[in-house]
Every structure is written in C-alpha cells, then in structure tokens.
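Residue numbers (our numbering): 54 to 627. Glycine included, every Cβ here is placed at the ideal spot set by N, Cα and C. Here's the structure we're looking at; comments come further down.
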DNA sequence: GCCGTTTTCGGCCCGACTGTTTTCAGTCG
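Rendered as structure tokens:
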C-alpha cells in the first residue's frame, strides 16, 4: 500500500512551499495529502487500473499532482520534491510534529543552526543556541524541548471508546462549576470518529477566568499550552490534548457548529453563508454587523436553508447537498437497538454465564441476544464442536423457559461464531448449522492471504445456505493491525446476492465494518447488524460505538436488523 | 495547484494565542 508514503511526500511538498511563502499551493498539497492517505484503494492499484486519468479523478488531484504521483509510482521519486528537499534538507514531517514549530521556523532553524532532525533540534535547544535566534527566545526554546519530549513519549491517536470515560469525567467536572452554564464536548468526539487526536470542550459562561483557572490546574494536567479568556489548551496525563473554549450564550450554536467541524464541513457552510450575503464565524451568523442566528445550531442551518445535519455526518461526504435538498436520512438512534447478535459466554472465551449475559442485556435495554460462542478451530478459546453446540442449544432452551416462567423479558437465540477455514469451508457441519437461529461466521486465521484468495474464501463462506451474518468483516484492530486484504465491493455484492447480513462489531478497537463500508451497504440495500461482541457483561455498553459508526455510515433503523422486533429480524435470517 | 450548473479565470475560511514584537508573524484548529 503506497498511499501513506505518497501522502507524506505531498504533505512535505506543501510544507516546503509554505516555507517559501508561496500562496495557495500549500493548501492544495496539504489537502490532497489527506485525501490520498484516506483512500481505501492502493493508489498504485488505482494507477494500474486507469493510469493518470484515474489519478486525476481523485478529489484534489489535478494535472500537476497527478503527474507527480505518476512519476513516483513509475520511478520511486519525484524530482520536484527532491529539489525542494535539496534546498532545505530536513526531516520535515517529524519536525512539524513538534508543537509550535511550523515550516517558517523550521526553515530558520536550518538556515541559522543547520538543524535537520529531532536530535539536532534537541542538542541545539539544550545548548541554549535557539534562544539567541531572532524571533525566538528562552520560552520558545523551553517549549521546543517540551514538545520533543511529548512527541517521543506519546504520539498517535486515541481510540474513541477507550478515551471516552476520561472525556466524560472532565465534562462532568466542568459542568459542576457554578460559573459554567453549559458544557458540551465538540470536535471529533462529537462527530464520533473512531479515533480522536484531541478533545474540544465548549463552555458557556459569563465568568471565564475561574473556569480557565480550574481547567488549567486540574490534577491530571501535565502541560498548559495556552491560557486566555476565551481559549485554553492543556495536555493531560494520558497524553490527550484538551482544548477549552468559553463562549457567550448567544453564540453557543455557532460556536458548537464551528468547533464540531469537520473543517471541510465548516468551510462549505461559510461559503454558503457568503453566497447568501452572510458572514459565519464562531460567534454567529451575521448580516453586516447584525447577528441573525447563532444561539443554536438548528438556527444556523435553518437560516442557511439547510436541514439540521447530525454531527456524525459532518464529514463533507455529501451531507450538505442532501441537507439542502431535504434528503438526509433519519439516522438510527442511540436507543433503537432491540437485540445483539454476537455475544460470547463462558462456554468459550466469555467471562460470564449465559444467564448473566441475559440479565445484563436486559439491563442494557435489549429484548433478545444471540449466544455465539466460538467453534472448535479456535481451540485456545475452547471452541465448540457439533456435539458441544447441540448441548448448548438444549441449555439455551432450558434457560429461555426459566426466564419466561419468571417473566424476565428477554429471549436468548441459539447462535455461533463459526470459524471460516482457510479454503472458505466452515468449522461446523451444515446439519448442525441448520438448527441454529443465528449463524455468524468470521475469519480468525490466515490474515495474510493474497487479496483474491481471501475474498474467494469469504465469499464461499457467505454462500453457505445457513450463514446469516459475516462478523467483523475486515478483521482490523485499531492501533494494532490493519484489515486483511479483501475486495469489499465483491463482499458487498455477495451480500446482496445471498442476503447475508454484514456486521458492525462495536468493540471500540474494531468498529468493523467502518463507516464508509456501512454507507456502501446502505446504498446497496445490504442489511447490517450492530453487535457488541461482548465477552463480558460490561461490554454491552460498547454498542453505543457501533451505533455511532453506523450513523456515520448514514444507516437508518431500517438498515439495522437488530433494531427490528424479534419476529421480523428472524424472518430476515436464512 | 485545484476547482466550477453563477465561473475554464479568479477565487481560495478566519479568529485566538504566543512570543517577541513595539504592531505583528507564525502556528493552530
């Protein structure tokens, strides 16, 4: 996969141009770098498939950048980039990660002190050389040293579901201050991105000073980047950066909108505002000096002639056009799930008994869950064979009866998370599968098969007449391992032709399917299931993150089979 | 350097904070 290396070079070209004060081009390169990095297809494959024309179809890629990408793919280098690099031969992508250092300062550091990389920078700072440079000073030097230390220690993004308890705690504490009228977490947290880089907290208060004092002196604060009347920024112990903005009540909606992003969504809104003769900023929507909207987000969208856009959709993937045409979907709600179709019990690697899972699910507001323990191929989990499954089915019948007699309103379904073997055959015979309510299948081995073989393997499994759901379809684990190579278009086509459901596994580090695949399923009419993949009673809480991912994929309640009543859901299954 | 059912040329989001400046450039989001 060449996308990341191509993106990195494009981003560096942008920074080099920034160094030279070239107007506008830096933004073009910066933007296209982000696009290329996020491409799902390997850009080398795109090029093989359609040549330079296909490259030009990537948003943000025009003639000039397409040529440069082609040059890189053909020769492994880009002359233009190398010339820029020759002039200022520094490790740009690392140095720009140092908080407070941008292209201009890096240029100066190179020209005056020959600083090329992080080590040079650290040495110079420690030797007190940086403070002597014009427009630098003692504070800058100290900040650089701090920045280097943080960069070496942390770096990387945080998984939303794992960072959320910390975020909620800060939110709650700020909310309890008497000077705080309202507190909301905006940014990528509110958009429910699967990973977050930092946290943007918005507060309404007429007395910001004590709020800022409290915020910057919380016990977990390890650095204060900035502290002012309207904005402060800190880093906390676990490495997370948190920004706090204080806004007046009449600007709350505009500020919430602005700080929720995404950046591209905001830019588009501002353009629409300008076209209509308004000005939109974080303080409100203005005509001349008069504020015409901004108290609430709804008001802002409405005044611009748009329907309200849910935060999860604000990624500039067509939501603004849809909002203008009143064609946004009514997303599945956070309380809409009635069931959970993947849970593991103590029969294999789950921590709790079937009955404990049932009770916990009931508490989580569910009406039915499928018990889907592993199968024998996963020996280390004590995976069940046909005999074990039959035994478990009998046990589930017994527990269902017991629950019913006690008027406990939850139904247990008999299921399996059956292993897909290397050749696409299944780990359990058809006869046994045919007796289950819910047959889920998944890949737990041979992650490194060539794309074609992996795709063929999974397609074969999906074509089994008993298979209902493909669990965690791409096998990725965030911050740990990438998805295996698989042709998702073919998987989705197979789901269409076989009526197989694709899962959104809600474990915070899986979230598999991811949003863009959910969206493709929704477009193709493929149904999805949002499952906790619970291995303990506490894991039902993760369903929330699966719902977020589905919402980010534009899914409605109709698209999600476990948002349906039990009878209707069962009819959907094979 | 990209983009466009207002444009194939002329636009390109904009405000806060910091540090080192005596009025602003650089960085960030």
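When you compare only the Cα positions, how much space is there between residue i and residue j?
| i | j | result |
| --- | --- | --- |
| residue 542 | residue 388 | 30 Å |
| residue 434 | residue 420 | 27 Å |
| residue 416 | residue 86 | 46 Å |
| residue 715 | residue 119 | In the structure displayed, the chain extends from 54 to 627; residue 715 sits before or after that span and is not available. |
| residue 222 | residue 605 | 25 Å |
| residue 74 | residue 192 | 25 Å |
| residue 136 | residue 66 | 10 Å |
| residue 164 | residue 142 | 10 Å |
| residue 491 | residue 423 | 7 Å |
| residue 185 | residue 205 | 25 Å |
| residue 403 | residue 256 | 41 Å |
| residue 620 | residue 216 | 37 Å |
| residue 150 | residue 436 | 46 Å |
| residue 441 | residue 371 | 49 Å |
| residue 374 | residue 321 | 10 Å |
| residue 178 | residue 199 | 10 Å |
| residue 329 | residue 357 | 8 Å |
| residue 58 | residue 461 | 56 Å |
| residue 239 | residue 309 | 6 Å |
| residue 506 | residue 345 | 59 Å |
| residue 559 | residue 473 | 20 Å |
| residue 465 | residue 482 | 22 Å |
Going by the beta-carbon positions, is the gap between residue i and residue j smaller than 8 Å?
| i | j | result |
| --- | --- | --- |
| residue 280 | residue 265 | yes |
| residue 254 | residue 302 | no |
| residue 364 | residue 396 | no |
| residue 494 | residue 523 | yes |
| residue 258 | residue 232 | yes |
| residue 381 | residue 583 | no |
| residue 351 | residue 361 | yes |
| residue 250 | residue 196 | no |
| residue 468 | residue 425 | yes |
| residue 366 | residue 607 | yes |
| residue 590 | residue 410 | yes |
| residue 430 | residue 476 | no |
| residue 480 | residue 508 | no |
| residue 293 | residue 267 | no |
| residue 307 | residue 277 | no |
Hey, could you find the ends of the alpha helix (DSSP H) residue i is sitting in?
| i | result |
| --- | --- |
| residue 562 | Per DSSP, residue 562 belongs to no alpha helix (DSSP H) and is neither H nor E. |
| residue 423 | From DSSP, residue 423 is part of no alpha helix (DSSP H) but of the beta strand (DSSP E) over 421-424. |
| residue 118 | 116-128 |
| residue 414 | 407-416 |
| residue 310 | 305-313 |
| residue 374 | 372-377 |
| residue 267 | 261-269 |
| residue 296 | Unbroken run through residue 296 is the beta strand (DSSP E), 294-300; no alpha helix (DSSP H). |
| residue 333 | Looking at the DSSP string, residue 333 is not in any alpha helix (DSSP H); the run it does join, the beta strand (DSSP E), is 332-334. |
| residue 100 | 96-109 |
| residue 594 | Careful: residue 594 lies outside any alpha helix (DSSP H) and carries neither H nor E. |
On the criterion of 16 or more Cβ atoms from any shown chain inside 10 Å, does residue i qualify as buried, or is it exposed?
| i | result |
| --- | --- |
| residue 69 | buried |
| residue 602 | buried |
| residue 501 | exposed |
| residue 463 | buried |
| residue 176 | exposed |
| residue 488 | exposed |
| residue 324 | exposed |
| residue 158 | buried |
| residue 275 | exposed |
| residue 485 | buried |
| residue 562 | buried |
Taking the continuous beta strand (DSSP E) assigned at residue i, which residues delimit it?
| i | result |
| --- | --- |
| residue 254 | 251-257 |
| residue 337 | 337-340 |
| residue 467 | 464-472 |
| residue 282 | Counting along the chain, residue 282 falls outside any beta strand (DSSP E), and DSSP gives it neither H nor E. |
| residue 534 | Careful: residue 534 lies outside any beta strand (DSSP E) and carries neither H nor E. |
| residue 582 | 581-584 |
| residue 493 | 491-495 |
Mind reading off the beta-carbon distance from residue i to residue j? Whole number of angstroms is fine, and I expect it under 8 Å.
| i | j | result |
| --- | --- | --- |
| residue 549 | residue 581 | Contact flag wrong, Cβ pair sits at about 13 Å. |
| residue 283 | residue 263 | That pair is no contact at about 14 Å. |
| residue 544 | residue 512 | 7 Å |
| residue 611 | residue 93 | Actually they do not touch by this definition, with Cβ atoms about 26 Å apart. |
| residue 167 | residue 213 | Going by Cβ atoms, the distance from residue 167 to residue 213 rounds to 42 Å, so no, they are not a contact pair. |
| residue 171 | residue 148 | 7 Å |
| residue 566 | residue 247 | The pair is not a contact, with the Cβ atoms about 11 Å apart (cut-off 8 Å). |
| residue 616 | residue 385 | 6 Å |
| residue 627 | residue 552 | 7 Å |
| residue 47 | residue 220 | Outside the displayed span of the chain (54 to 627) sits residue 47, for which this structure offers no information. |
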